[in-house]
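Protein chains in written order, with the numbering used here: chain R, 1 to 118; chain L, 1001 to 1607. Positions of the beta carbon are idealized from the N, C-alpha and C atoms, including for glycine. Quantities reported herein were computed from a predicted structural model and do not represent experimental measurements.
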């Protein structure tokens, strides 16, 4: 089954490569969002299975966006991503309402699948 | 020179040169003291002789005259003025008041001299027996300084004398109703004209009452404007005018036939009031001499301000010391003190020592009336003031050092945080993307799609190029390599080339190298100044000029922009100042609104 993925990241270069990589690996990337404020709307519109959510966004941070998504009926699975390492976030990870954290450099379908099966 | 906005006492409302060296030591010599004693003694003797003459004249008169009680009350009143005069004369500072008091007392006795029923003494006495009235008016208006200070004061005094000089001879010329015996010895008598006599008398009384009201109002006005000590001196006078007004009011209603001795009795309250006012001032003075005792040799910091506030009875009083190095006014703890503007109730008075500003006394405007008291207080505390100034200056320096140390740490922390963010948002982000690109490339090579692989590879190379240039820019921000490699001139020119406006750089001598920290500081002064120019100044051109003097490196940055640069706003200029000061250097910022900015930094080279 092809998972429907929404990519949330303010860095256009990253979004572009991530979309192509995940698409090549068989995911269905149904949308891209550049800021935290538009995520809820995009989720209601595209109904993704997985949201790849960057922790550092220009408006609200990823933790807050994850909390908002959890209040939605039938919420998507959320995987936090960052160009920082998980250890930079200390006790804030693992974060509630999320499936887990993935360093951007390790992004792959296999890594996402692993988190989403748990 | 400094970057802090210099608070020169330009805004000060009243600048009085209260040089602490002014002669207030009051060291009167023995000769002056004995001369003072002589004056007091002659005033007393004169008063006593006149009182005796008055009594003798009254006693010898066989005609219709005032009663014995009234005469006794009159002599007491006159002598009270003389006694108050002696008290005032005994004190150098109140000499003028003493003279006036004695003159009022002496002229008071002229009345009885009219009982000598001879033409010349009688006419002379009648002509001048009310002279004490304008003198008393003069005294009350001039109290306690003895001087008529304002134009209004002088006007009222002149009017009192003039109206008396006018009315007295005219009324004498028509003074008939007291009987033919008196007109016979009245040399100025002109004609018996009852109607005219009545008009003149009424006019005279009206003038006296008008003058009394004017004088009372003037004294009340003086009281209102006076400082607390000044008010304490004037208050008894205002109380004493109460019974006097009551007696005069009663006479106006029922005539002078009843209780004629009440007026001289009420008059006696006046010399008592004057004496009380003077004594109150004297007590205040005692408070000042107590200042020195209270402060001792090594007063605790801050005691001086409290002691001065007590002595001058102004709880708002502040001593603002001039900190020479930072060119600002500070309290004894080194915290900046604001000097009041012209519009406020407080004023600042300069305190100087050997012609040099040491402090400002910030006090209530009302204290200006009693400049002498303030002056005396300052003189008494001169040594302590200077000691506290030195202490305040050291405190101010210490505070400045602490503040700049804190700022340097804060700036360093902020710079590190910015660095981490720049790395994270810039190079790190690019490298992460690059690793994704390489993964994608791998996938495409594996699937044998060479065309897509080529595209991905090109994008990856582009991303890497951007990452590299971002890293270079970042590294230059941390430390410009060109500065170490090629020196100040090339580094500043490379800085200038990246500016959006033409910037002319001159460095003389070009090839001489200086210790690295000095070159770096100089570079950052220019970099910060140029950054400000491109951000805020709206300039069309700028110059950077570096010159080496004997033991200092001077860098000057000029632009033709809109000026108004202020180091208290934003951290850039303050950071520049701190960096230069850390090397014992100085920064001057001259940035008048609309007329460009000149920043000059001088850094000692230790060569």
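What residue range is occupied by the uninterrupted beta strand (DSSP E) comprising residue 1363(L)?
The continuous beta strand (DSSP E) containing residue 1363(L) extends over residues 1356-1364.
Which listed residue (1438(L), 1233(L), 1112(L), 1442(L)) has its alpha carbon closest to that of residue 1460(L):
Of the residues 1438(L), 1233(L), 1112(L), 1442(L), the one whose Cα lies closest to the Cα of residue 1460(L) is 1438(L).
Tell me whether residue 1258(L) is buried or exposed, calling it buried when 16 or more other Cβ atoms sit within 10 Å of its Cβ.
Flag for residue 1258(L) reads exposed.
With DSSP collapsed to three states, give me the class of residue 1439(L).
Residue 1439(L) falls in the helix class under three-state DSSP.
By Cβ distance, which residues of its chain are closer than 7 Å to residue 1367(L), with the 5 residues on each side in sequence left out?
Counting only residues of its own chain and dropping the five nearest sequence neighbours on each side, residue 1367(L) has a CB closer than 7 Å to the CB of 1227, 1312, 1314, 1374.
Considering only the alpha carbon of each residue, which of 86(R), 109(R), 113(R) lies closest to residue 24(R)?
Answer by Cα proximity: 109(R).
Could you tell me whether the Cβ atoms of residue 1269(L) and residue 1319(L) are closer together than 7 Å?
No.
The ligand SAM and residue 1555(L): does the residue's C-beta get closer than 6 Å to at least one heavy atom of that ligand?
This structure does not include the ligand SAM; it has no bound ligands of any sort.
Residue range of the beta strand (DSSP E) that residue 1091(L) falls in?
First-last for residue 1091(L): undefined, no H or E at that position.
Along the region 1537-1554 of chain L, what residues have a CB closer than 8 Å to any CB found in chain R?
From the region 1537-1554 of chain L, no residue has a Cβ closer than 8 Å to chain R.
Output, in sequence order along the chain, the residues in the region 1401-1434 of chain L whose CB is closer than 9 Å to any CB in chain R.
Listed by position, the residues of the region 1401-1434 of chain L near chain R (Cβ gap below 9 Å) are 1424, 1425, 1428, 1429, 1430, 1431, 1432, 1433, 1434.
Comparing alpha-carbon positions, which option in 1413(L), 1587(L), 1245(L) lies nearest residue 1574(L)?
Out of 1413(L), 1587(L), 1245(L), 1587(L) has the C-alpha closest to the C-alpha of residue 1574(L).
Taking residue 1351(L) as part of the beta strand (DSSP E), name the residues at either end of that continuous run.
Counting along the chain, the beta strand (DSSP E) containing residue 1351(L) begins and ends at 1346-1353.
Would you mind reading off the limits of the beta strand (DSSP E) that contains residue 1062(L)?
Note, residue 1062(L): premise wrong, no beta strand (DSSP E); not H, not E.
Pick from 1558(L), 1597(L), 1440(L), 1581(L) that is closest to residue 14(R), judged by C-alpha positions
Ranking the options by Cα distance to residue 14(R), first place goes to 1440(L).
Reducing DSSP to helix, strand and coil, say where residue 1339(L) ends up.
Residue 1339(L) carries a coil assignment under DSSP once its states are collapsed to helix, strand and coil.
Minimum Cβ-Cβ distance from residue 7(R) to chain L less than 7 Å:
Taking Cβ atoms only, chain L never reaches closer than 7 Å to residue 7(R), which makes this a no.
Identify every run of the beta strand (DSSP E) within the region 1453-1488 of chain L, keeping only runs that are complete inside it and at least 3 residues long; order them along the chain.
Fully enclosed beta strand (DSSP E) runs of 3 or longer: not present.
Rounded to a whole number of angstroms, what is the C-alpha to C-alpha distance between residue 85(R) and residue 1536(L)?
Between residue 85(R) and residue 1536(L), the alpha-carbon positions lie close to 39 Å from each other.
Consider the Cβ of residue 83(R): report whether some Cβ of chain L lies at a distance smaller than 7 Å.
So yes, residue 83(R) belongs to the interface.
So with CB distances below 8 Å, who are the chain R contacts of residue 1443(L)?
For residue 1443(L), the chain R residues whose C-beta falls within less than 8 Å of its own C-beta are 21, 24, 25, listed in chain order.
In this structure, does DSSP put residue 1322(L) in helix, strand or coil?
DSSP places residue 1322(L) in strand when its eight states are reduced to three.
Per DSSP, which residues does residue 14(R) bridge with? Please list them.
Residue pairing from DSSP leaves residue 14(R) without any beta-bridge partner.
Between 1207(L), 1350(L), 1333(L), which lies nearest to residue 1340(L) when the distance is taken from Cα to Cα?
Looking only at 1207(L), 1350(L), 1333(L), the smallest Cα-Cα distance to residue 1340(L) is reached by 1350(L).
Below 8 Å on the Cβ atoms is my contact criterion, and I expect residue 1333(L) with residue 1395(L) to pass it. Report the Cβ-Cβ distance as a whole number of Å.
Yes, they are in contact, since the Cβ atoms of residue 1333(L) and residue 1395(L) sit about 5 Å apart, within 8 Å.
Do residue 1082(L) and residue 1047(L) have their C-beta atoms within less than 7 Å of each other?
Contact flag set, yes.
So for residue 1021(L), helix, strand or coil by DSSP?
Here the model assigns residue 1021(L) a pLDDT of 31, short of 50, so the residue's position is not dependable, and the following value carries that caveat. Coil.
Is there a C-beta anywhere in chain L that falls below 7 Å from the one on residue 12(R)?
Output row for residue 12(R): interface = no.
Continuous alpha helix (DSSP H) assignments of at least 4 residues falling wholly in the region 1128-1168 of chain L
Segments of the alpha helix (DSSP H) lying fully in the region 1128-1168 of chain L: 1132-1142.
Is the Cβ of residue 121(R) closer than 7 Å to any Cβ of chain L?
Any answer about residue 121(R) is impossible in this case: the structure gives chain R only from 1 up to 118.
Contacts of residue 1473(L) in chain R (Cβ-Cβ under 8 Å):
What residue 1473(L) touches in chain R: nothing, since even the nearest Cβ is about 18 Å away.
Neighbouring residues, chain C, relative to residue 1463(L) (Cβ below 7 Å):
Among the protein chains in the structure shown, which are R and L, there is no chain C.
Alpha-carbon spacing of residue 1601(L) relative to residue 1471(L), whole angstroms:
If you take the alpha carbons of residue 1601(L) and residue 1471(L), they lie about 31 Å apart.
Under 7 Å from the C-beta of residue 957(L): neighbouring residues of chain R:
As displayed, chain L neither begins before 1001 nor continues past 1607, which places residue 957(L) out of reach and without an answer.
From the DSSP secondary-structure annotation, give me the bridge partner or partners of residue 1543(L).
1504(L), 1558(L).
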